[in-house]
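Data first, discussion second: the structure below is written as structure tokens.
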Ligand code: PHE
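Residue numbers (this note's numbering): 31 to 368.
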């Protein structure tokens with residue numbers, strides 16, 4: 031029995047040398063001290079010993095147990111320390127590494143142009159308001175003096191929704207919405223999206239407009255011209271010329287289209303302006319009395335003017351893009367150039 035105990039001690043100490051994880055250490059502990067462990071087995075055999083032998087072997091057994099327990103504890107401590115060190119290494123943060131640069135975006139070129147247009151009109155006292163992009167026939171057409179049998183409706187290739195509503199074909203319905211709620215004087219611009227069934231190098235199905243509306247007593251057409259010429263010079267430069275051509279809109283009378291002198295050739299004539307020297311940028315006119323009647327304004331009392339311009343067209347004059355559809359392809363290589 032004495033030899034057996036010494037053998038167990040020897041085996042235990044050797045086994046501990048080999049252990050490299052806490053998990054292995056635990057299974058080794060069970061091997062020796064567990065209920066069916068090697069040392070436990072020997073202890074159980076003590077009962078069969080003689081009176082003389084029992085204290086001697088008993089003491090030896092206790093000694094062996096103490097030696098092994100100490101050795102286990104030491105190994106455990108070493109392994110725990112090793113594990114903690116490894117964890118700290120794995121979690122180490124190098125505070126000297128340079129930080130990661132956050133990616134930042136910037137305004138889309140069309141938004142840059144829109145902001146510029148807005149700020150010019152803001153300075154002339156026009157306040158920006160918005161309205162819904164899903165509209166009714168009433169606001170998009172009827173109230174703007176464009177009843178369903180009116181030929182001008184054909185000019186707008188309208189997206190109709192299944193519920194009978196439509197995507198507004200211009201920002202003009204907001205004129206009606208504002209006049210319904212407010213009394214003159216009114217001086218607003220309406221930046222926003224409009225939609226038409228249209229798709230080529232100069233048209234996208236969704237595009238932006240800036241509407242303008244001024245209503246007051248004794249508003250004249252020359253004031254309309256003054257506002258628009260001032261806008262054109264601020265937007266495109268002091269040398270910019272503007273001309274008005276007679277036109278037709280159901281909701282203005284008289285109506286005009288306004289051109290600016292070509293920003294590429296300064297009016298001499300080039301490919302950009304189709305060799306005319308002029309580029310059309312907006313529609314405008316004096317508010318039609320029928321429109322005032324639709325919102326219960328007295329056309330004998332008030333007069334006004336309205337205008338509407340395409341933002342992509344103007345952005346294109348600033349940035350000179352051969353195909354405006356590229357504005358909406360979301361290609362970062364394109365967008366990063368602005
Ligand atoms: N709504 C017109 C269009 O989209 C532009 C316009 C607005 C014309 C206001 C006159 C007055 O073509």
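Quick reminder that beta carbons are idealized off the backbone N, C-alpha and C, glycines included. All of these numbers come straight from a predicted model, not from anything done at the bench.
When C-alpha distances from residue 50 are compared across 107, 71, 31, the shortest belongs to 107.
Assignment of beta-bridge partners to residue 285 by DSSP yields 277, 315. A residue is called buried when at least 16 other Cβ atoms come within 10 angstroms of its Cβ; residue 231 does not meet this threshold and is exposed.
Pairing residue 198 with residue 170 gives a Cβ-Cβ distance under 7 Å. Distances between the C-beta of residue 189 and the heavy atoms of ligand 1 are all 6 Å or more. Counting along the chain, the unbroken beta strand (DSSP E) around residue 244 starts and ends at 236 to 246. Taking every protein chain shown into account, the CB of residue 323 has fewer than 16 other CB atoms within 10 angstroms, so this residue is exposed. DSSP places residue 335 inside the beta strand (DSSP E), whose first and last residues are 333 to 340. Between the segment 336 to 356 and the segment 235 to 253, the count of Cβ pairs shorter than 8 Å is three or higher; the stretches touch. Going by C-alpha positions, residue 246 is about 16 Å away from residue 255. Not a single unbroken stretch of the beta strand (DSSP E) spanning 3 or more residues falls wholly within the segment 79 to 131. Residue burial is scored here from C-beta neighbours: residue 279 has at least 16 other C-beta atoms within 10 angstroms and is therefore classed as buried. Per DSSP, the continuous alpha helix (DSSP H) segment holding residue 169 begins and ends at 167 to 170.
At a cut-off of 6 Å, the beta-carbon of residue 314 counts as near ligand 1: some heavy atom of the ligand is closer than that. Taking a cut-off of 8 Å on C-beta distances, the segment 220 to 236 does not touch the segment 305 to 322, as fewer than three cross pairs fall below it.
When rounded, the separation of the alpha-carbon atoms in residue 76 and residue 83 is 9 Å. Three or more beta-carbon pairs separated by less than 8 Å are not found between the segment 118 to 128 and the segment 61 to 75, which leaves the two stretches without contact. Per the Cβ contact rule, the segment 146 to 163 is not in contact with the segment 174 to 192 (fewer than 3 Cβ pairs under 8 Å).
Ligand 1 has a heavy atom closer than 6 Å to the beta-carbon of residue 202. Taken atom to atom, the span from the alpha-carbon of residue 287 to that of residue 250 is near 17 Å. Pairing residue 347 with residue 293 gives a Cβ-Cβ distance under 7 Å. Its Cα nearest to that of residue 91, the residue 32 stands out among 32, 238, 101, 54. The closest CA to that of residue 214, considering only 368, 69, 332, 343, is found on 332.
Exclusion of residue 334 from the 6 Å shell around ligand 1 follows from its C-beta lying no nearer than that to any non-hydrogen atom of the ligand. Assignment of residue 204 by DSSP, reduced to helix, strand and coil, places it in the helix class. In this structure, 138 is the residue among 210, 260, 138, 70 with its C-alpha nearest to the C-alpha of residue 345. Ligand 1 approaches residue 282 closely enough that one of its heavy atoms is under 6 Å from the residue's Cβ. Ligand 1 has no heavy atom closer than 6 Å to the beta-carbon of residue 297. Annotation for residue 337 indicates a beta carbon within 6 Å of some heavy atom of ligand 1. Counting the other CB atoms within 10 Å of its CB gives residue 97 a total below 16, which places it among the exposed residues. Cβ neighbours of residue 178 within its own chain (closer than 8 Å, five residues either side excluded): 167, 171, 172.
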